[in-house]
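In our numbering, the protein residues as written are 618 to 1045.
Heads up, the beta-carbon is just placed ideally off N, CA and C, and yes, glycines get one too.
Since we're looking at a predicted model, the values are computed, not measured.
Structure, as structure tokens:
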Amino acid sequence: MTNYCVDLMEQQVAQGDNVSLLYPANFSLGKTRIVKHKHSKYKIFAIINPLPLALVFGINEPRRYIAKCNSDCYEKFLTSNHFDIIHVHCFMGIHKEFFEAAKNLGIPMVFTTHDYYPFCIKCNLLKKDNSICSSPDGYECRICNAGQGLSAIEEKLMQSHLYIRLKYSRLFEIIRKRCRSKIENVKDAEPTSTVEDYESLIDYNMSIIKLMDLIHCNSEVAYNVYSKFLPEANYKILPIAHNHVPSIRKDHHKKELQTLRIGYMGGLAPYKGINTLLEALKILDANNKKNWELYLYGADYSGIENDIRIHNCGKYEYGDLEGIYESLDLTIVPSVWYETYGFIVPESLASGVPAISSDTVGSQMLLDGCGVKLVFKSGSAESLAQTLEPLFDVSIYNSVIDWVLNNDFDISIDNHTAKIKSMYETVL
């Protein structure tokens, strides 16, 4: 999300717009206030004493996340800067008073659906057992967040200037790992807050999202989820983009396909679907389709299957993308959660590499129209194996390459920025 926001802002500036960034910063003595920072391209404003940021750690004390503040600081900020429109990418950490002030001043607000925080305080609509949560409420959230969340001291540390300066140091890496380990290893912890506390937080978040003039859904997957909880809202479906999508679509046609080189970049979190992928490969082996190799990127995978065909490639940077995709024949995005979009599919297609996606990944919409099935049932290793198996046939594989090379996926950041501007105009 952060990279998308920055890339979009920079493109908006390049296209002649005046852009400002507001974000929740650190805690300090005194009231909530807004401080301006210098930047060569756009104005940056920091909220001092914002609401705490739950991030991905969950919430065990909901009342701290709905605290009131002095609304006059937001009113003064908005009236003195004369904004035409507010584009909200995440309202975590920002008081409701900001959005109420904008509404009262008649400033249109657009919200982009990067996650599900408005109605799922863990953002991903997954229960503790990684199954889909179809109806989050105070009772479900209380169970899901038991034993999780940061303390007030940990939150202030994570949002401090010191953390920003030292976040990649050895000390803070140890702190982050301890926080994650504590959360991941909690099994039978007792909730420390009431059902009513969690219901109050959900109501608070929902009251904010209902103030938006337009909800920008970055995929049909996101729209289907949001419209279930907010059926009366105003929606626009528009896929997103970023500035690091490979610009050269290379030809991956094969004369023969001795080994199918498969790439996975989702990490080890169960909801990213790596277990589904590994089980599907075992099914392929049982079907005598053993000429595959799996290249794992984005984490340290040293603890998974001991198979010489599985390669632990570790973390990567955007600058590595072109070389990574050039070395692959296929990428797989097997997420089991309702991933609002996901950039692996567009990055892969932009490089000339076919992608296979589960049907809960937002960017699967880019795979519509291919004569060969590239979307499988989320969480089903059998469905993934059935989708993969035809691609071992070089003629079928090459037909998919034809489709990839001849299709205009329209995933450039400059075109996307122009579409965003047109979207703004519908609420101005």
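For F662, the secondary structure class from DSSP, reduced to helix, strand or coil, is strand. Here the alpha carbon of K739 sits roughly 22 Å from the alpha carbon of F716. Contact fails between the stretch 869–878 and the stretch 759–771, because fewer than three Cβ pairs, one in each stretch, are under 8 Å apart.
For the pair F728 and V1017, the Cα-to-Cα distance works out to about 35 Å. The beta-carbon separation of H704 and M618, rounded to 12 Å, does not stay under the 8 Å limit for a contact.
With fewer than 16 neighbouring CB atoms inside 10 Å of its own CB, G931 falls in the exposed class. T729 is bridged by DSSP to H833. With respect to L1005, I1037 sits apart: the two C-beta atoms are not nearer than 8 Å. Within its own chain, the residues whose Cβ lies closer than 7 Å to the Cβ of S810, once the five positions on either side in sequence are excluded, are N677, E678, P679 and R759, listed in chain order. Rounded to the nearest whole angstrom, the CA to CA distance from S980 to A1002 is 20 Å. Apart from sequence neighbours up to five positions away, the residues of its chain that approach R926 with a beta-carbon distance below 7 Å are W909, E910 and L911, ordered along the chain. Distance from the Cα of S645 is smallest, within the candidate group V630, I664, F736 and H928, for I664.
DSSP places F716 within a helical segment (H, G or I) once states are collapsed to three. The bridge partners DSSP lists for P641 are I664. I683 and L818 have their C-alpha atoms some 6 Å from each other. Between H833 and L847, the gap from beta carbon to beta carbon reaches 8 Å or more. Taking the CA atoms as reference points, Y1014 sits about 40 Å from C707. Just so you know, the alpha carbons of D830 and P725 end up roughly 6 Å apart.
With contacts defined as CB atoms closer than 8 Å, L668 and G710 qualify as a contacting pair. DSSP places V1017 inside the alpha helix (DSSP H), whose first and last residues are V1011 to N1023. Here H1033 carries a helix assignment [DSSP, helix/strand/coil]. If you look at L1008, you'll find it isn't in any beta strand (DSSP E); DSSP assigns it neither H nor E. Around G755, the same chain offers V812, Y815 and E816 as residues with beta carbons nearer than 6 Å, after the five sequence neighbours per side are excluded. Around the beta-carbon of G986, fewer than 16 other beta-carbon atoms lie within 10 Å, marking it exposed. Separation of F694 and N851 (C-alpha to C-alpha, rounded to the nearest whole angstrom) is 27 Å.
Under a 10 Å Cβ-count criterion, E956 is classified as buried, with 16 or more other Cβ atoms of the shown protein chains found around its own Cβ. G920 and L885 have their C-alpha atoms spaced approximately 10 Å apart. Taking every protein chain shown into account, the CB of S975 has 16 or more other CB atoms within 10 angstroms, so this residue is buried.
The beta carbon of V978 lies closer than 6 Å to those of V950, S952, E956 and G959 in the same chain, with the five residues before and after it left out.
With a cut-off of 8 Å on Cβ pairs, the stretch 646–657 is not in contact with the stretch 733–749, counting fewer than three such pairs. For P963 and N698, the gap between their C-alpha atoms comes out near 36 Å.
Note on geometry: alpha-carbon atoms of S1000 and L894 lie some 10 Å from one another. Taken in chain order, the complete beta strand (DSSP E) segments of 3 residues or longer contained in the stretch 934–993 are 947–950 and 972–975.
As DSSP reads the structure, Y843 sits in no beta bridge. A direct Cα-Cα distance of roughly 13 Å separates I891 from N747. Annotation for G996: G890, T893, V953 and S975 place their beta carbon closer than 8 Å to its own, counting only its chain and skipping 5 residues before and after.
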